[in-house]
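S.K.:
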Amino acid sequence: MKLYEIFDKIAPYKKTWESDDIIDYEFIINNTKFETSFYKPEPNDPWNITFSDLDAEIQNAQNDEESGMGMTNKGNAFQVMSTVIAIIKEFLKLKKPTEIVFSSSNDSRTKLYLRLTKLLQQAGWKLYTEKDDADGYTYFYLQFNS
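In this text, residue positions in the sequence shown follow the working numbering: the first is 198, and each later residue adds one.
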């Protein structure tokens, strides 16, 4: 099985919010609701990307715990990532950004993101990464080479 075949199973998704500086999408896999968000903190900033398990966010907020951005450990990682990739592709066509930013909080996710960014690099994007020792996150900066 090739890498691109692993990411062929995409869940149905829908755009739930759009403004000049925020776009949100949602999808459901195995009764778990996920959200992928694109936002610009300031007008001249690059677009930031986040995705999370909304059900975990709600439960964690009720328990005063961290967000739902961690691994779900529900055995659906490939379908979740396939769907997130499809949403990112749609976003790139819609907004045509020249730079996007996202982050990872652990080594396994950082390795996954490095593999996935190779797909964007093949399409002309240049990758820069930065590890922030203060918060432990790895930040990914992708710039489009036009």
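Just so you know, even glycine gets a beta-carbon here, dropped at the ideal spot from N, CA and C.
In its own chain, which residues sit with a C-beta less than 6 Å from the C-beta of Trp-244, not counting the 5 before and 5 after it?
M.R.: Translated into positions along the sequence shown, residue 244 becomes position 47. Around Trp-244: Phe-235, Lys-237, Pro-294 and Ile-297.
S.K.: Within 10 Å of its beta-carbon, does Tyr-325 have 16 or more other beta-carbons around it, so buried, or fewer, so exposed?
M.R.: As a first step, residue 325 must be located in the sequence shown, where it is residue number 128. Classification of Tyr-325: exposed, given that the 10 Å Cβ count is below 16.
S.K.: Is the beta carbon of Phe-224 sitting closer than 8 Å to the one on Asp-250?
M.R.: Along the sequence shown, read from residue 1 onward, the residue named residue 224 stands at position 27. Along the sequence shown, read from residue 1 onward, the residue named residue 250 stands at position 53. No, the Cβ-Cβ distance between Phe-224 and Asp-250 is not below 8 Å.
S.K.: By how many angstroms is the C-alpha of Asn-227 removed from the C-alpha of Lys-206?
M.R.: The residue given as residue 206 occupies position 9 in the sequence shown. The residue given as residue 227 occupies position 30 in the sequence shown. In a straight line, the C-alpha of Lys-206 is about 13 Å away from that of Asn-227.
S.K.: Taking only the alpha-carbon atoms, compute the straight-line gap between Asp-330 and Ser-305 and give it to the nearest angstrom.
M.R.: Position 133 of the sequence shown, counted from the start, is the residue given in the question as residue 330. Position 108 of the sequence shown, counted from the start, is the residue given in the question as residue 305. Distance between the alpha carbons of Asp-330 and Ser-305 is about 17 Å.
S.K.: Under DSSP, the beta strand (DSSP E) around Lys-211 begins and ends at which residues?
M.R.: In the sequence shown, residue 211 corresponds to position 14, counting from 1. Run containing Lys-211: 210-215, per the beta strand (DSSP E) assignment.
S.K.: May I ask you to list the residues that DSSP assigns as paired with Gln-340?
M.R.: Counting from one through the sequence shown, the residue named residue 340 turns up at place 143. Answer is Glu-296 and Lys-323, bridged to Gln-340.
S.K.: Which residue or residues does DSSP assign as beta-bridge partners of Phe-231?
M.R.: In the sequence shown, residue 231 corresponds to position 34, counting from 1. DSSP output for Phe-231 lists Phe-224 and Asp-250 as bridge partner(s).
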